[in-house]
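Below is one structure, written out as structure tokens; the observations come after it.
2 protein chains.
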Amino acid sequence: MCALVFTQAVGCSSSSGQLGSWNDSVARNQIVDFVSRVATPGSAAFVPEAERIAVFDNDGCLWAEQPAYFQLLFAMDRVRAMAPSHPERRTEQPYQAVLENDMKALAEGGERALAQLIMASHAGMTSDEFRATAEQWLATARHPSTGRLYTEMVYQPMLELLDYLRDNGFKTYIVSGGGIEFVRAFSEEVYGIPPEQVVGSSLVTEFEIVDGEPVLRRKPEIEFIDDKVGKPVGILSHIGRRPIAAFGNSDGDLQMLQWTAAGDGARFCMLVHHTDAVREFAYDRDSHFGRLDAALDEANARGWTVVDMQNDWKRVFTDLAEN
Amino acid sequence: MCALVFTQAVGCSSSSGQLGSWNDSVARNQIVDFVSRVATPGSAAFVPEAERIAVFDNDGCLWAEQPAYFQLLFAMDRVRAMAPSHPERRTEQPYQAVLENDMKALAEGGERALAQLIMASHAGMTSDEFRATAEQWLATARHPSTGRLYTEMVYQPMLELLDYLRDNGFKTYIVSGGGIEFVRAFSEEVYGIPPEQVVGSSLVTEFEIVDGEPVLRRKPEIEFIDDKVGKPVGILSHIGRRPIAAFGNSDGDLQMLQWTAAGDGARFCMLVHHTDAVREFAYDRDSHFGRLDAALDEANARGWTVVDMQNDWKRVFTDLAEN
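If you read the sequences in order, they're chains P and H. Heads up, our numbering is the position in the first sequence plus 1109, with the first residue counted as 1. Heads up, our numbering is the position in the second sequence plus 1109, with the first residue counted as 1.
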């Protein structure tokens, strides 16, 4: 109520009508209030355009992340596709688990098994070859329960939020625990976020001259993990200034939100809480992927905005008709 | 002659008049010709704005680099400033060489000595503290032979070139072997290049909570060297697409130019050749800083543009009157 009154007092921009898939909730009003305060010339909290930096997590914030991070499903599909030329993998973990679709055995392999799958599927080729493979997968592979393309499992309210922020002079960045080149394979087309505004995890990449042609080759060695304490580090490296708004959904985003909140002036921190088992998936503190526990406690303690997907969003996914 | 005729044929943009500090030379005409071809709608070589990425080396390309990289002079000044709290350094190399201004002893220490000086002067503090220290030095320290502020030792023709490219829809980046945070301390004010468009070398940086406040602390460990084979890697990481124009001046820029040249469509690669001992410094194949040898051979072999500072530039440095 207070937020709504204040928003009207400072003059709510008509472009907030763009947030058409958002119910008239506290969360929506807090967004509009913040944007009005920092983007209205003469406002006490006014921020120059160059400093209106907004950072978004990807998995579980802009698109879904269940039953597993989509990039892991991509890695598993790649391992399956490469199986004919790797007969030894039929009896070697974690590949055997993938080939037999044994998610329990895969889970038992832990982080080490996941890293092995990433190396086996994401390294060895050039950056151009990897990009092409990822684009091909995104154009054809289907989500196991919805049957949608993965790029159709993006959240319509978040797409509207990206547009709304950009229309109000914000520069929008993705800061993902996922691989930077994987996210770049669809970020511009799907989110309107160009490659230079994507921050993510990376493999060591080396310059080589092959038959007179320079290439960048991806090595089976992790260079940087853009998650948890890595997110503020990735932000400093790629952006070089502190965001004024940060959007996440899991404990992997906690430090990014803390870093954003600690700056001077008006700040906005938001978590998407997955509360909608019917239209999407309901999970938080016990989830294997996208676990939301300490960050939810901190959001509640510090008054950060928490989006209740079930009640705050009129629709969840983009485009198709079932919402 | 040919370049000039072709430029006129496609219609030379009147804004090329901005290149006022350039003589009417082959180099200038090659620049204008390239920009006209990629930025003129309907041209066979037209490139959409989003792909008009231009990358610039900094040391020796946008500002001077003699008698040593300015960042090294900054590191030496920092070591001198910290001397009172480090009495042991009076008899320990490479610090002793710095404190006694013994450049010969310093040179004998090689790369290892330089790395030690960088660690001693650039690590341990937070990113905010480092930025403030660099800004303070840039605002006050003077070049040993010209007496100018270091930020006044930028090349006026290159500032005009940055403006000319931006006016024609290019996004201009710095891709420097220097430290990314050091360059960011002046890039926006001096070059009009914001922090998110600076790529450079970096130290390992870690997120910490100190007294409840999140900080990013710089560790005495090199994370990435954005030089030679590192430059195309840094470009991929930060920009995520291949530049169509690259500007350098030394062998440290060779791979960046090769990577740029190898893309499809119109490409522009340029070296600044330091030929002016009177107005600046004359050096190339035998220089300790900014050595230009293999890259000059490759430029000549491949027909890249080579700027002869003495003959192609009406003036060298920005602002002051002596040019």
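Even for Gly, the Cβ is constructed at its ideal location relative to N, Cα and C. If you're wondering where the values come from, they're calculated on a predicted model, not measured in any experiment.
Inset, instruction - Report yes if the C-beta distance between H:Ser-1194 and H:Thr-1314 is below 8 Å; otherwise report no. - result: no
Inset, instruction - Could you tell me which residues DSSP puts in a beta bridge with H:Asp-1417? - result: H:His-1382
Legend entry - Test item: CB-CB of P:Ser-1066 and P:Ile-1334 under 8 Å: For chain P, the structure presents residues 1110 to 1432; residue 1066 of chain P sits outside this window and is missing.
Inset, instruction - Provide the residue(s) that pair with P:Val-1141 in DSSP beta bridges, ordered along the chain. - result: P:Val-1141 pairs with nothing; no bridge assigned.
Inset, instruction - Evaluate contact between the stretch 1166-1180 of chain P and the stretch 1254-1269 of chain P, counting only Cβ atoms and requiring at least three cross-stretch pairs below 8 Å. - result: yes
Inset, instruction - Taking only the alpha-carbon atoms, compute the straight-line gap between P:Ile-1318 and H:Pro-1352 and give it to the nearest angstrom. - result: 18 Å
Inset, instruction - Give the interface partners of H:Glu-1315 over in chain P, defined as CB-CB distance under 8 Å, in chain order. - result: Val-1338 and Val-1342
Inset, instruction - Could you list which residues in chain H have their beta carbon closer than 8 Å to that of P:Val-1156, in chain order? - result: By Cβ distance, chain H contributes nothing, its closest Cβ being about 15 Å from P:Val-1156, past 8 Å.
Legend entry - Chain-order list of residues whose beta-carbon lies under 6 Å from that of P:Thr-1414 (same chain, five-residue window excluded): Ala-1136, Gln-1139 and Met-1379
Inset, instruction - Look at the Cβ atom of H:Ile-1331, then the Cβ atom of H:Asn-1167, and state whether they are nearer than 8 Å. - result: no
Inset, instruction - Note down, one range per segment and in chain order, each beta strand (DSSP E) of at least 3 residues found wholly within the stretch 1161-1200 of chain H. - result: 1162-1165
Legend entry - Beta carbon of P:Ala-1163 nearer than 8 Å to that of P:Ala-1354: yes
Legend entry - Where P:Gly-1288 sits in the DSSP three-state scheme: strand
Legend entry - Presumed contact (8 Å Cβ cut-off) between H:Arg-1161 and H:Ser-1152, rounded CB distance: Their Cβ separation, rounded to whole angstroms, is 13 Å, which puts H:Arg-1161 and H:Ser-1152 out of contact at 8 Å.
Inset, instruction - Output yes if chain P places a C-beta closer than 8 Å to the C-beta of H:Trp-1368; else output no. - result: yes
Legend entry - Extent of the continuous beta strand (DSSP E) run through H:Lys-1337: Premise fails: H:Lys-1337 is in no beta strand (DSSP E) and is neither H nor E.
Inset, instruction - Determine whether the Cβ of H:Ala-1475 lies closer than 8 Å to any Cβ atom of chain P. - result: In this structure chain H extends from 1110 to 1432, so residue 1475 of chain H is not present and cannot be described.
Inset, instruction - Have a look at the DSSP bridge pairing and note the partners of H:Lys-1280. - result: H:Ile-1162
Legend entry - Closer than 8 Å to chain H by CB, P:Ile-1348: yes
Inset, instruction - Output yes if chain P places a C-beta closer than 8 Å to the C-beta of H:Ser-1311; else output no. - result: yes
Legend entry - Assumed close pair P:Leu-1208, P:Ala-1192 - CB separation to whole angstroms, cut-off 8 Å: 6 Å
Legend entry - Option nearest P:Ala-1386 by Cα separation, candidates P:Met-1418, P:Trp-1368 and P:Phe-1356: P:Met-1418
Inset, instruction - Quick one: residues in its chain with C-beta nearer than 8 Å to the C-beta of P:Gly-1218, no 5 flanking neighbours on either side, listed in chain order? - result: Gln-1202, Pro-1203, Ala-1206 and Gln-1225
Inset, instruction - For P:Gly-1357, write down the residues that DSSP places opposite it in a beta bridge. - result: P:Leu-1380
Legend entry - Distance, H:Leu-1182 Cα to H:Leu-1210 Cα: Here residue 1210 of chain H turns out to be Asn, not Leu, going by the sequence shown. Each residue's Cα considered, the two are about 11 Å apart.
Inset, instruction - Compute the beta-carbon to beta-carbon distance between H:Gly-1169 and H:His-1383, rounded to the nearest angstrom, for a pair I have assumed lies under 8 Å. - result: 7 Å
Legend entry - Nearest neighbour of P:Asp-1186, chosen from P:Arg-1388, P:Leu-1223, P:Met-1234 and P:Ala-1250 [CA to CA]: P:Ala-1250
Legend entry - With 16 other Cβ atoms within 10 Å as the buried cut-off, status of P:Met-1262: buried
Inset, instruction - Alpha carbon to alpha carbon, how far is P:Gly-1412 from P:Gln-1265? Give it in angstroms, no decimals. - result: 25 Å
Inset, instruction - Leaving aside the five residues before and after P:Gly-1361 along the sequence, list all residues of the same chain whose C-beta is less than 6 Å from its C-beta, in chain order. - result: Gly-1286, Asp-1336 and Lys-1337
Inset, instruction - Show which residues of chain H have a CB atom less than 9 Å away from the CB atom of P:Glu-1305. - result: Ile-1162, Lys-1280, Tyr-1282, Glu-1305, Gln-1306, His-1347, Ile-1348, Gly-1349 and Arg-1350
Legend entry - Interface flag, P:Ala-1430 vs chain H, CB-CB below 8 Å: Because the pLDDT at P:Ala-1430 is just 48, under 50, the model does not fix this residue reliably, and the value given afterwards should be weighed accordingly. No - not a single Cβ of chain H is within 8 Å of the one on P:Ala-1430.
Inset, instruction - Could you tell me whether any Cβ in chain H is nearer than 8 Å to the Cβ of P:Ala-1232? - result: no
Inset, instruction - Give the residues from the stretch 1208-1240 of chain P that approach chain H closer than 8 Å (Cβ to any Cβ), ordered along the chain. - result: Ser-1236
Legend entry - 8 Å Cβ cutoff, P:Ala-1159 in contact with chain H: yes
Inset, instruction - Measuring only between beta-carbons, confirm whether H:Gln-1364 sits less than 8 Å from chain P. - result: yes
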